[in-house]
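Chemist: Structure provided below as structure tokens; questions to follow.
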Amino acid sequence: MNYYAYRMMISTHEENVILKCRRLFQQFAVDMYVKVETERLAFIRFNQAKLRSEDYIHLRDAIHSDGVVQNIGRLTILPSSYIGSPRHMHEYAQDAMTYLRAKLWNSGFIYYVHMQSKVDGN
1 MNYYAYRMMI
11 STHEENVILK
21 CRRLFQQFAV
31 DMYVKVETER
41 LAFIRFNQAK
51 LRSEDYIHLR
61 DAIHSDGVVQ
71 NIGRLTILPS
81 SYIGSPRHMH
91 EYAQDAMTYL
101 RAKLWNSGFI
111 YYVHMQSKVD
121 GN
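When the letters of the sequence shown are read in order and numbered with full-length UniProt numbering, they come out as residues 1 to 122.
Below is the structure:
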């Protein structure tokens, strides 16, 4: 990813032809992004043992005990370091709640959760 970021960087002492190609540049950026994401997913898929996916025993048990036939497939656990994975987004949400609690206010979130539970019927 850093290589492609370097290739797309605007430099004052050297001319970058890629940046002047408009739609071709956009296609290049999308293609390189897809290439990097595919490589990351392939690494995660083929290195589950190295990533110690067996340590996620509770997560694996929850997936297996779900029992939905349509969800049967290959089990691949995405680590929280993979940007965009559900675990990564969950960490971001937890960080946001910590920031709100520490910096701003606490009562708004409690009120929202309380009202949401009433709407859900709990």
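Every residue gets a Cβ at the ideal spot worked out from N, C-alpha and C, and that includes glycine. Owing to the predicted nature of the structure, the values given are computational and were not obtained by experimental measurement.
If we call anything under 8 Å between Cβ atoms a contact, is Gln94 one with Thr76?
Modeler: Looking up residue 94 in the sequence shown gives position 94. Looking up residue 76 in the sequence shown gives position 76. No, the Cβ-Cβ distance between Gln94 and Thr76 is not below 8 Å.
Chemist: Spatial neighbours of Ser11 within its chain, please: C-beta separation below 7 Å, excluding the five flanking residues on both sides.
Modeler: Position 11 of the sequence shown holds residue 11. So no residue of the chain qualifies.
Chemist: Once the 5 residues before and after Tyr82 are set aside, which same chain residues still bring their CB inside 7 Å of it?
Modeler: What you label residue 82 is simply residue 82 of the sequence shown in a count that begins at 1. Closer than 7 Å at Cβ, skipping near neighbours: Arg40, Ile44, His88.
Chemist: Just verifying my parser: in three-state terms, what is the DSSP assignment at Met1?
Modeler: Within the sequence shown, numbered from 1, the residue matching residue 1 stands at position 1. DSSP places Met1 in coil when its eight states are reduced to three.
Chemist: In chain order, what residues of the same chain lie with their CB nearer than 8 Å to the CB of Leu19, ignoring the 5 residues before and after it?
Modeler: For the purposes of this step, residue 19 is taken as residue 19 along the sequence shown, with counting starting at 1. Correct list, in chain order: Met8, Ile10, Phe25.
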